[in-house]
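Numbering (the working numbering), first residue to last: 37 to 301.
Here is the structure:
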C-alpha cells in the first residue's frame, strides 16, 4: 500500500467547497472520482483543510492510499486528463505511511485580493473582491499587525464550531485534536505574519499561521475592512480578540477573493 501526496491547484468558483457533500459538486468528490477511474479503487483523498465554496487554491495538499503501481509522474498526467480544467494536479510524490495532509500540517499561508479600481475587468471578477470605494489603507495595514502572535481567535471563528463540522483543528503548536477522543477544541492559533500590500489596482492581504479556524481569514478581512472604512479603530482589533465573541468582529468577507497559497509540513 502506497501513501501518495498530491499538490493541486483549483478555481473554486463553481464548486461547493472541498468536502464531499450530497448532491453538490466538490473538489474532494471530483478528485476521488478521477482517482477511482484511474486505479479502480474507491478512495477519499484527505486535504490539508476544507476550503469553502468559492475559495481557490494555488497549492492545496491531499493524501490518499492506493495499491496501484502507477508511477507518480504518470499519476499527474492521467489525473489531469480526467479532471476538469478548473482542477490541476501539480505534483504527486510518495509519502511516508504516517504522513497525513491535514494532521501533519504545521503552517498555512492564505492570500486575499481586493480590486480597488472603479471598473473590475470581467476576467478578474470571479477571483477578487471588487471594492472601488474609499478605504484607509494605512489603517488596515496597522490593524493586520494587531493579530500577529498567539491568540484565542474565537471572535473570528465561524458561529458553527469546527467540531460540529467534523474538523480536527490544528493547534498553535501543530498538534491535532481528533474528534471523538475527548480532546478539547482549541481556538488558539499562532499567526506568524499578517500584512497588506498594494500591487497596482489590487490591495492584497497575506497571512501565515499555524492553522486557521473555519471562516477565520474571511472574518479577519471583514474586520480590517471596518477599520478601513473608519467604523473601527486599529486598537479595536485587540479589544475584539479579547472579547472572544463572534458578534464583536466584522462580517465575513466574500469567498471569491481568498486563496490557499501554501501548506507547510
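Cβ atoms here follow ideal geometry from the backbone N, Cα and C, with glycine treated the same way.
Check: Residue 114, DSSP secondary structure in three states; Outcome: helix
Check: Pick from 191, 78, 148 and 126 that is closest to residue 278, judged by C-alpha positions; Outcome: 191
Check: Backbone secondary structure at residue 263 - three-state DSSP; Outcome: helix
Check: At least 3 beta-carbon pairs within less than 8 Å: the region 37-50 vs the region 98-105; Outcome: yes
Check: Validate contact between the region 109-127 and the region 151-160 using beta carbons, cut 8 Å, 3 pairs; Outcome: no
Check: Local Cβ density within 10 Å of residue 233, reported as buried at 16 or more and exposed below that; Outcome: exposed
Check: Beta-ladder partner(s) of residue 245, from DSSP; Outcome: 144 and 227
Check: Residue 149 in three-state terms, based on DSSP; Outcome: strand
Check: Burial state of residue 180 (16 or more Cβ within 10 Å); Outcome: buried
Check: Top-ranked residue by Cα proximity to residue 244, from 147, 262 and 195; Outcome: 147
Check: Rounded straight-line distance, which links the Cα of residue 224 to that of residue 207; Outcome: Caution is warranted here: a pLDDT of 35 is assigned to residue 207, below 50, making its placement in the model unreliable, and the coordinate value is therefore given only provisionally. If you take the alpha carbons of residue 207 and residue 224, they lie about 7 Å apart.
Check: Cβ shell of residue 88 (< 6 Å), same chain only, five flanking positions each side left out; Outcome: 53 and 291
Check: Closest by C-alpha distance to residue 71, when choosing among 131, 235, 119 and 96; Outcome: 119
Check: Residue burial classification, residue 78 (beta-carbon count within 10 angstroms, cutoff 16); Outcome: exposed
Check: Nearest-angstrom Cα separation, counted from residue 117 out to residue 239; Outcome: 35 Å
Check: Residue-level contact to chain D via CB, residue 54, 8 Å cutoff; Outcome: Annotation note: the requested chain D is absent from the structure, which comprises a single protein chain.
Check: Ranges of the beta strand (DSSP E) found wholly within the region 67-146, counting only runs of at least 3; Outcome: 92-102 and 123-131
Check: Residues sharing a beta bridge with residue 40, DSSP; Outcome: 100 and 130
Check: Exposure label - residue 169; buried when at least 16 CB within 10 Å; Outcome: exposed
Check: Same chain only: Cβ atoms within 6 Å of residue 262, ignoring 5 sequence neighbours per side; Outcome: 268 and 286
Check: Classification of residue 186 by the beta-carbon crowding that lies within 10 angstroms, buried from 16 upward; Outcome: exposed
Check: Proximity of residue 137 and residue 297 at Cβ, strictly below 8 Å; Outcome: no
Check: Contact set for residue 75: own chain, Cβ-Cβ below 6 Å, skip 5 residues either direction; Outcome: 102 and 104
Check: Extent of the continuous alpha helix (DSSP H) run through residue 272; Outcome: 272-279
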